[in-house]
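In our numbering, the protein residues as written are 157 to 427.
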């Protein structure tokens, strides 16, 4: 395994975990997945992002995670993280040969506020203004999008105004709702969340899934009966406090891999 750090517009960067081409199994290129972690736009939990990336690496992906801009590094912050993601995906496409990536099989997975970054990118990239505003001439359309316990809009539920004033995030609240962009051009999307998430209302996921259905975009939705916010893999690797190692919710990983194979992405199935 090769590890690579790639700088974007500082301080943003992404980290890669890359398989070498393997002539013994006649494997010269692999699908890719970009993990976009959460962290309330103030940080990312790099250990958790790495565990998520390596879980997909073990299933045959070239795996990446993104460190995007945080509050205080841009004011207002949004949409800078969305442009960071666009730059990162363009980098993967442009280095596809070097990193043994199949450029037609690039997926993106966003968690918590990382899911907002992903859903905004996926619905903004086809808009006329995106290339000019982002500086990305040809934005990558992901083959697939995964959203876990995602924020999809800013409202009374998030951000907590006593900790993150809205003006630090945006001066245009409606523009931060993916449903207000070009949803009809969104990629096939896999969404999972829990009913008892006490940080981000599950309605974020349910309402966005409804918008995808209304716009005839392929979507698969799994709402698990119980579990707090921030579960990541929902196993011992990412159990950050008691009650976050939940085997039932951990089924989202094999379900997502099955779904990716259904879309034609060449992953290793979970037995």
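Glycine residues also receive a C-beta, built at the ideal position from the N, C-alpha and C atoms.
Other residues of its chain near residue i: CB distance less than 8 Å, five sequence neighbours each side excluded
i: residue 322; result: 310, 315, 329
i: residue 287; result: 293, 294, 295
i: residue 392; result: 401
i: residue 209; result: 171, 173, 189, 191, 219, 220, 221
i: residue 283; result: 337, 338
i: residue 164; result: 170, 240, 243, 244, 247
i: residue 253; result: none
Beta-carbon proximity check, residue i vs residue j, cutoff 8 Å
i: residue 264; j: residue 190; result: yes
i: residue 388; j: residue 204; result: yes
i: residue 170; j: residue 215; result: no
i: residue 422; j: residue 187; result: yes
i: residue 235; j: residue 276; result: yes
i: residue 220; j: residue 248; result: yes
i: residue 344; j: residue 419; result: yes
i: residue 338; j: residue 305; result: no
i: residue 379; j: residue 334; result: no
i: residue 390; j: residue 365; result: no
i: residue 325; j: residue 197; result: yes
Cα-Cα separation, residue i to residue j
i: residue 192; j: residue 274; result: 7 Å
i: residue 241; j: residue 296; result: 10 Å
i: residue 226; j: residue 180; result: 43 Å
i: residue 369; j: residue 375; result: 7 Å
i: residue 250; j: residue 244; result: 10 Å
i: residue 261; j: residue 412; result: 15 Å
i: residue 281; j: residue 211; result: 28 Å
i: residue 266; j: residue 372; result: 21 Å
i: residue 385; j: residue 166; result: 29 Å
i: residue 377; j: residue 408; result: 10 Å
i: residue 228; j: residue 354; result: 26 Å
i: residue 230; j: residue 237; result: 10 Å
i: residue 415; j: residue 397; result: 29 Å
i: residue 177; j: residue 382; result: 41 Å
i: residue 352; j: residue 332; result: 24 Å
Opening and closing residue of the beta strand (DSSP E) in which residue i lies
i: residue 288; result: Segment 286-290 is the alpha helix (DSSP H) holding residue 288; no beta strand (DSSP E) there.
i: residue 221; result: 218-223
Nonlocal neighbours in the same chain, by C-beta distance under 7 Å from residue i, ignoring five residues either side
i: residue 357; result: 313
i: residue 185; result: 256, 257, 258
i: residue 307; result: 268, 269, 271, 272, 314, 356, 360
i: residue 201; result: 193, 195
i: residue 162; result: 169, 170, 172, 247
i: residue 199; result: 226
i: residue 290; result: 239, 242
Same chain, Cβ closer than 6 Å to residue i, five either side skipped, listed in chain order
i: residue 292; result: 242, 246
i: residue 400; result: 387
i: residue 174; result: 158, 218, 255
i: residue 394; result: 204, 207, 388
i: residue 346; result: 302, 376, 412, 415
Opposing strand residues paired with residue i [DSSP bridges]
i: residue 348; result: 304, 378
i: residue 178; result: 183
i: residue 192; result: 266
i: residue 162; result: 170
i: residue 424; result: Note: residue 424 sits in no beta bridge, so no partner.
i: residue 230; result: 227
i: residue 257; result: 186
Neighbour flag for residue i against chain C, beta carbons, 8 Å
i: residue 279; result: Given the protein chain composition of this structure (a single chain), no chain C is represented.
Limits of the alpha helix (DSSP H) - the one that residue i falls within
i: residue 394; result: Neither: residue 394 is in no alpha helix (DSSP H) and is coded neither H nor E.
i: residue 247; result: 236-250
i: residue 210; result: 202-213
i: residue 410; result: 408-418
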